[in-house]
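Below: one structure, written as structure tokens.
Numbering (the numbering used here), first residue to last: 320 to 530.
What follows is the structure, encoded as structure tokens:
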């Protein structure tokens with residue numbers, strides 16, 4: 320992923336963004352001559368521990384690939400929007416000379432995968448995930464040998480993804496003038512496609528001190 324200086328997030332912006340964007344794709348090396356395996360999944364990122372945790376069904380075909388090549392990539396992309404060319408035209412340029420582009424936020428976590436098969440450790444991992452996604456509670460805790468989830472632990476394998484490198488990109492017209500960013504912001508507000516509001520928030524923040 321190419322990251323220009325003007326697309327580099329400030330401070331811990333990517334961590335705060337990742338805390339609220341917890342569905343991504345786990346990419347694992349395939350066998351020689353085969354494409355990578357890509358698995359969509361929910362995960363819980365723990366900044367203090369420097370890891371993400373998740374789990375998959377035991378029959379998932381991803382497991383042999385993870386065991387053979389535990390260096391994996393967890394990729395998350397969201398808040399994306401297409402920007403029509405006229406919105407990007409420079410001051411004094413004809414609108415039709417503006418260059419269309421994409422806006423998006425992307426975080427790639429390079430990880431070392433650790434498989435979790437011990438039943439008690441799997442239960443703890445599941446409880447961490449549920450605590451992230453369901454902080455209001457309402458579900459029983461997973462515990463070995465206890466209903467309702469104890470009997471289900473054998474059907475899954477856990478994954479601790481130890482983060483070894485982070486690459487983050489927030490591409491929101493950072494190299495454009497304030498006038499062009501204002502035009503893009505107004506265009507997103509008017510168009511109001513599903514992700515335009517989130518993209519507009521990033522555009523408006525670009526070029527200003529991080530919150």
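C-beta atoms are modelled at their ideal positions from N, C-alpha and C, and glycine is treated no differently.
Here residue 358 carries a strand assignment [DSSP, helix/strand/coil]. For the pair of segments examined, the stretch 478-489 was found to touch the stretch 324-338: the number of CB pairs separated by less than 8 Å reaches three.
When DSSP states are grouped into helix, strand and coil, residue 512 belongs to the coil group. Assignment of alpha helix (DSSP H) within the stretch 339-423, counting only whole runs of 4 or more residues, yields 381-387 in chain order. By the neighbour-count definition (other C-beta atoms within 10 Å, threshold 16), residue 362 is a buried residue. Taking 7 Å as the cut-off, the Cβ atoms of residue 392 and residue 346 count as close. With a cutoff of 7 Å on beta-carbon distance, residue 492 and residue 500 are scored as near each other. Annotated as distal: residue 474 and residue 374, with beta-carbon spacing of 7 Å or more.
DSSP, read as helix, strand or coil, puts residue 494 in coil. Leaving aside the five residues that flank residue 417 on each side, the residues in its chain whose CB is nearer than 6 Å to its CB run, in chain order, 404, 405, 407 and 408.
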